[in-house]
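Notes follow once the structure below has been shown.
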Amino acid sequence: MRIAVAKETSLNERRVALVPEVVRRLIKDGHQVLIEKGAGETAFFPDEQYREAGAELVASAKEAFSGAELVLKVQPPGTEEIAEMRSGQAVAGFMAPHRVMDRIEVMQKAGITVFAVELIPRISRAQSMDALSSQATVAGYKAALIAADTTHRFFPMLTTAAGTIRPAKVLVLGAGVAGLMAIATARRLGALVEAYDVRRAAGEQVRSLGAKFLELQIDAEAEGGYARELTEQEKEQERAMVAAAVAQADAVITTANIPGRSAPRLVSADMVQAMRPGSIIVDLAAETGGNCELTQAGQTVNEGGVVIAGPLNVPSMLAVHASEMYARNLQSFSGLLVGEGGAYAPDWEDEIIKGSALMRDGEVLHGPTLKLLKQGDTE
Ligand code: NAD
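When the letters of the sequence shown are read in order and numbered with this note's numbering, they come out as residues 342 to 720.
What follows is the structure, encoded as C-alpha cells:
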C-alpha cells in the first residue's frame with residue numbers, strides 16, 4: 342500500500358499523522374510511505390528522520406497524494422487537499438463531519454473513501470486504534486498542568502521553615518479518559534483531588550487514583566459506556582452537589598461530554614462567583630460548547646479574579662507525544678485496510694471498518710452525517 346502524509350494545513354495544528362518510528366514499521370511491513378517535506382517540523386520530527394526511516398520525501402501534498410491509496414491526516418482535509426485527491430482514494434483522520442459539512446460535500450463529489458478515527462468502535466479489538474483515548478490522555482495531562490501553572494497557589498503540601506502550605510484542592514468534572522489523566526497528574530503534583538462523573542462505574546477508577554469520588558445517587562451510564570443526558574430532577578441534584586464542590590476548589594478541570602450533543606453545562610456563572618479569587622477553571626469541553634457557562638472557546642478570561650481557560654486543540658500543545666500515540670493508532674488501523682499480499686483491500690464486513698467509514702467512494706455511510714446533509718438540502 343502507498344501511504345501519504347502531507348503537512349497539516351489547519352490553523353494551530355502542530356501534530357503530524359505519522360512519526361518516523363511508525364514509518365519504519367510500516368515500511369518493514371512492506372508499505373511505501375510518502376511524506377511532504379516539513380510535515381513533521383511543527384511536531385519536532387525533521388525530514389532527515391523520515392528519510393532515515395525509509396520514507397520518500399516529496400515537495401508537495403499533490404506529489405504525496407498522487408499514486409497513494411491511503412492518505413493519513415490529523416485534521417479533516419482542506420478543500421485544496423481534497424482537490425489533489427482522486428476517486429477511490431482513501432483518507433483517514435479526525436473528520437468532525439458536523440463541523441465541516443461543506444468539505445463533506447466536496448469529498449462526496451470527489452468520490453473518495455473517508456475513515457473517521459473518532460467513529461472507530463470502542464471494542465477491545467480496536468483499543469490500539471483508539472485515537473479518541475490517546476488524544477484525551479494528552480489533553481487530560483495538559484489540562485492539569487495548565488491549572489497548576491495558572492493558579493497562584495502551590496499544588497503540593499509543603500512543610501517549610503516559612504510555615505506549612507496546605508495542598509491545593511482540585512475538582513475534576515467528568516472522569517472519562519481525559520478526566521482520569523487529569524486526576525492522576527494533579528495527584529502526582531500533590532493536590533487533593535475530588536472528581537465527579539454521572540457514570541457510577543467511574544467511581545472505582547477515580548478512587549484507585551487516590552482521589553475522592555463525589556457520589557450522586559444516580560447512574561447515567563448508557564449504551565457503549567457513554568453517558569446519557571440527565572433528567573431535569575437529576576440535573577437539579579447534580580447542580581447542588583457540584584456547586585458545593587466548586588466553591589471549595591482552587592482549581593476545577595472540566596472534561597464532561599455526551600457524544601453527538603453539546604457539552605453539559607455543569608458550572609454556572611453563580612458558581613464561578615462563589616469561587617475564591619486566584620482560582621482557575623480549565624474547561625476541556627470548550628470545543629463542544631463548554632462545561633462552564635462563562636467559558637469562551639480558545640480564550641482565557643478573568644471573572645472577578647477567577648481565571649477561566651477554554652483551550653482548543655489541547656493535544657496539539659504536546660505535539661511530540663500526541664503525534665507518536667496518534668501515529669501508532671493509525672498504524673494499527675491501517676493494518677485493517679490491507680488484504681492478502683498487503684494491497685489496499687478493506688474488508689467491508691469488518692465491524693471496525695464499517696463503523697469508521699464516513700464515506701465509501703463518495704457515498705456517505707454515516708447516519709448522522711447523512712441526516713445533516715439532508716437537513717442542509719431542505720434549508
Ligand atoms: P467522553 O469524552 O465522551 O466524556 C467524558 C466524561 O464525561 C465521561 O466519563 C462521561 O460519563 C462524563 N459526563 C457526561 N455528562 C456528565 C455530567 N453531566 N456530569 C459529569 N460527567 C459527565 O468520554 P470518554 O473519555 O471518551 O469515555 C467514555 C467511556 O468510554 C468511558 O466509560 C470509558 O471507560 C469508555 N472507553 C472505552 C474504551 C474501550 O473499551 N476501548 C476506550 C476508551 C473509553
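In this text, a Cβ means the ideal position worked out from N, Cα and C, and glycines have one as well.
Predicted model, so just to flag it, every value in this text is computed and none were measured.
Provide the residue span of the beta strand (DSSP E) that contains residue i, from first to last.
| i | result |
| --- | --- |
| Asn-598 | From DSSP, Asn-598 is part of no beta strand (DSSP E); its letter is neither H nor E. |
| Glu-397 | 397 to 399 |
| Ala-433 | 431 to 434 |
| Leu-555 | Careful: Leu-555 lies outside any beta strand (DSSP E) and carries neither H nor E. |
| Ile-376 | 373 to 377 |
Locate the alpha helix (DSSP H) running through residue i, then write down its first and last residues.
| i | result |
| --- | --- |
| Gly-646 | Unbroken run through Gly-646: none, as it is neither H nor E. |
| Tyr-685 | Element bounds for Tyr-685: n/a, residue is neither H nor E. |
| Lys-450 | 442 to 451 |
| Lys-403 | 402 to 406 |
| Gln-546 | 543 to 549 |
| Arg-528 | 518 to 529 |
| Glu-665 | 660 to 675 |
| Met-700 | Element bounds for Met-700: not the alpha helix (DSSP H) but the beta strand (DSSP E), 698 to 701. |
| Lys-510 | From DSSP, Lys-510 is part of no alpha helix (DSSP H) but of the beta strand (DSSP E) over 510 to 514. |
| Asp-388 | 388 to 394 |
When the distance is taken between beta carbons, is residue j closer than 8 Å to residue i?
| i | j | result |
| --- | --- | --- |
| Asp-624 | Ile-649 | yes |
| Arg-444 | Ile-461 | no |
| Val-415 | Phe-435 | yes |
| Ala-536 | Val-547 | yes |
| Pro-652 | Ala-627 | yes |
| Ala-604 | Gly-646 | no |
| Ile-594 | Ala-488 | yes |
| Thr-492 | Ala-509 | yes |
| Gly-395 | Val-357 | no |
| Ser-474 | Val-518 | yes |
| Leu-375 | Arg-427 | no |
| Thr-420 | Val-455 | no |
| Val-534 | Val-511 | yes |
| Asn-670 | Ala-472 | yes |
| Gly-676 | Asn-598 | no |
| Met-498 | Gly-531 | yes |
| Arg-494 | Asp-591 | yes |
Throw me the rounded Cβ distance for the residue i and residue j pair, which I believe falls under 8 Å.
| i | j | result |
| --- | --- | --- |
| Val-458 | Ser-697 | 7 Å |
| Gly-703 | Lys-450 | 7 Å |
| Leu-699 | Pro-438 | 6 Å |
| Val-360 | Ala-405 | Incorrect: roughly 16 Å between the Cβ atoms, too far for contact. |
| Ala-660 | Ala-484 | With a Cβ gap of about 16 Å, Ala-660 and Ala-484 do not count as contacting. |
| Phe-554 | Gly-544 | 4 Å |
| Leu-711 | Met-442 | Actually they do not touch by this definition, with Cβ atoms about 11 Å apart. |
| Glu-634 | Val-608 | 7 Å |
| Ala-523 | Thr-596 | 7 Å |
For residue i, I'd like the list of residues in its chain whose CB is within less than 7 Å of its CB, leaving aside the five on either flank, ordered along the chain.
| i | result |
| --- | --- |
| Ser-401 | Glu-377 |
| Gln-476 | Pro-656, Ala-663 and Tyr-667 |
Which residues in the same chain as residue i place their Cβ atom closer than 6 Å to its Cβ, once the five residues preceding and following it in sequence are excluded?
| i | result |
| --- | --- |
| Ala-584 | Met-612 |
| Gly-683 | Gly-371 |
| Glu-575 | Ile-559 |
| Thr-350 | Gly-419 |
| Lys-348 | Glu-377, Gly-379 and Ala-380 |
| Met-616 | Val-647 |
Note down, in chain order, each residue of its chain lying with its Cβ closer than 8 Å to the Cβ of residue i, except the 5 sequence neighbours on either side.
| i | result |
| --- | --- |
| Arg-365 | Ala-394 and Gly-395 |
| Ile-368 | Val-374, Ala-394, Gly-395 and Ala-396 |
| Ile-453 | Ile-423, Met-426, Arg-427, Ser-428, Gly-429, Gln-430, Ala-431, Val-432, Met-700, Asp-702 and Gly-703 |
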